[in-house]
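Asker: Below: one structure in structure tokens.
Protein chains in written order, with our numbering: chain A, 1 to 139; chain B, 140 to 278; chain C, 279 to 417.
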């Protein structure tokens, strides 16, 4: 069995933003030497997400507006969590909708993705350094 | 280590629909010969989902109505994504709620599912051929 | 390849509640002897969830209120599923938002979690015995 572990670092300059990780993860799969296996990609922070969707700017604006409607940032006082001195309760909820992680198959040495599947980091409480974990396991 | 990779094809005649995959996936686990391992089942399209829930028609109607309330199909103009000529922005959002994939344990050669757990394909933009990936890994 | 399978039992005295599983799962990883691998933790019931978020009581109240807003328990008659004699349709929907499972990397013999990541059991239809499955796979 082979395995590869890598941490990717992000510092998104705004509160929210999406970053396409697909090429980076594909390069790690190649480096791992794994031919048949699984690739886990997860946010290591609870106000961020890793998800798979389309790389289309309009859809990303739709996602952002929709998440803000489902879990508005303001009023801050609407959330008990913000009484701890934080202002990011909404980010915990938005990340819950988007998910923490994806697991992608590795087949014949490559990420086994559908034609439009792209892996994204989703930030909901940015402006500080945060990590994503990539773990590849197989043979 | 053993592995099995299979693509399942679907063409749902309506825009939305659910298909129970449990027996198909269970058969693939048997064919893989894996006794202890993990089974990944994921949609390969970003307007479809693989999820686990109850095989009960009333619940499926509830899920459909609820998703339509959280992310309505119309008005199409409410979504920037639809300016690209698509009409499926809502399908990207509905699939986000339902999830892209499930990972199920394989124990003693069988899917290790709870008493009511059933694996479903969820279609939110049908009337064309789409794929699900099953990847089984273990020993 | 090594593997470990364990079922954890819960009986939450109220309809809804969250239980921190992190130490229990960490202990199982140690017992498994796996150094590099993957750890799947999933609810075996379709009205319960396993998720990763903050161990902060205010956030847990926020999550509970938010889920009740997205998928209210009452009126029971709003859900077709409840015509089967159940009163838990909302629990199926709440668990859908929160997710069924998490997959966590095992690195150097330990759960590879971020600084604030904690693994929770989320109950949405309690007052009876229910199970969580932990499956650890690797070398």
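Using N, Cα and C, we set each Cβ at its ideal position, and we do this for glycine too. This one's a predicted model, so the numbers in the text were calculated from it and none came from an experiment.
May I have the straight-line CA-CA distance separating residue 141 of chain B from residue 37 of chain A, to the nearest angstrom?
Answerer: Those two C-alpha atoms are separated by around 10 Å.
Asker: With 9 Å set as the bound, which would you pick, yes or no: does the beta-carbon of residue 55 of chain A sit closer than that to a beta-carbon of chain C?
Answerer: It does not: the Cβ of residue 55 of chain A has no partner Cβ on chain C nearer than 9 Å.
Asker: Looking at the C-beta of residue 235 of chain B, does it have a partner C-beta in chain A at a distance below 9 Å?
Answerer: Cβ-Cβ to chain A under 9 Å: yes for residue 235 of chain B.
Asker: By alpha-carbon positions, which one of C:290, C:374, C:304, C:360 ends up nearest to residue 386 of chain C?
Answerer: With distances taken between Cα atoms, residue 386 of chain C lies closest to C:304.
Asker: Within 10 angstroms of its Cβ, does residue 395 of chain C collect 16 or more other Cβ (buried), or is it exposed?
Answerer: So residue 395 of chain C counts as buried.
Asker: Of the residues that make up the stretch 328-360 of chain C, which ones have a beta carbon closer than 9 Å to any beta carbon in chain B?
Answerer: The stretch 328-360 of chain C vs chain B, Cβ under 9 Å: 348, 349, 356, 357, 358, 359, 360.
Asker: Kindly confirm or deny that the stretch 280-294 of chain C and the stretch 208-216 of chain B touch, where touching means at least three C-beta pairs closer than 8 Å.
Answerer: At 8 Å Cβ cutoff, the stretches do not touch.
Asker: Find out if the Cβ-Cβ distance for the pair residue 51 of chain A, residue 122 of chain A is shorter than 9 Å.
Answerer: The answer is yes: Cβ separation under 9 Å.
Asker: DSSP on residue 394 of chain C, reduced to helix/strand/coil?
Answerer: It is coil, neither helix nor strand.
Asker: Beta-carbon separation of residue 129 of chain B and residue 179 of chain B under 9 Å?
Answerer: Past the edges of chain B, shown from 140 to 278, lies residue 129 of chain B, and the structure says nothing about it.
Asker: Between B:245, B:270, B:197, which lies nearest to residue 169 of chain B when the distance is taken from Cα to Cα?
Answerer: Of the candidates B:245, B:270, B:197, the one whose C-alpha sits nearest the C-alpha of residue 169 of chain B is B:245.
Asker: Could you tell me the distance, in whole angstroms, from the CA atom of residue 68 of chain A to the CA atom of residue 343 of chain C?
Answerer: Rounded to whole angstroms, residue 68 of chain A to residue 343 of chain C spans 16 Å at the Cα level.
Asker: Using a cut-off of 7 Å between C-beta atoms, extract the partners of residue 142 of chain B located in chain A.
Answerer: 36, listed in chain order.
Asker: Decide if the stretch 123-132 of chain A is in contact with the stretch 227-237 of chain B; the criterion is three or more beta carbon pairs, one per stretch, under 8 Å apart.
Answerer: Segments in contact, no.
Asker: Quick check on this structure: which residue in A:83, A:63, A:79, A:5 has the alpha carbon closest to the alpha carbon of residue 154 of chain A?
Answerer: Outside the displayed span of chain A (1 to 139) sits residue 154 of chain A, for which this structure offers no information.
Asker: Do you know whose CA, among C:333, C:312, C:306, lies nearest residue 46 of chain A's CA?
Answerer: Out of C:333, C:312, C:306, C:333 has the C-alpha closest to the C-alpha of residue 46 of chain A.
Asker: Is the CB of residue 368 of chain C under 9 Å away from at least one CB in chain A?
Answerer: So, not an interface residue.
Asker: Can you check whether the CB of residue 8 of chain A is closer than 9 Å to the CB of residue 21 of chain A?
Answerer: It is a contact, given that the beta carbons lie within the stated cut-off.
Asker: Distance check for residue 162 of chain B and residue 284 of chain C, CA to CA, integer angstroms please.
Answerer: Rounded to whole angstroms, residue 284 of chain C to residue 162 of chain B spans 24 Å at the Cα level.
Asker: In the DSSP output, which residue or residues are listed as bridge partners for residue 298 of chain C?
Answerer: Bridge partners of residue 298 of chain C: C:398.
Asker: Could you tell me how far apart the beta carbons of residue 331 of chain C and residue 402 of chain C are, in whole angstroms, since I believe they sit closer than 8 Å?
Answerer: Residue 331 of chain C to residue 402 of chain C, Cβ: 15 Å. No contact.
Asker: Cβ of residue 254 of chain B less than 9 Å from any chain C Cβ?
Answerer: Chain C contact via Cβ: present.
Asker: List, in order along the chain, the chain A residues whose C-beta lies closer than 9 Å to that of residue 377 of chain C?
Answerer: Within 9 Å Cβ-Cβ: 96, 99, 100.
Asker: Less than 8 Å between the CB atoms is what I'm expecting for residue 100 of chain A and residue 219 of chain B, so what's the real figure, rounded?
Answerer: Actually they do not touch by this definition, with Cβ atoms about 26 Å apart.
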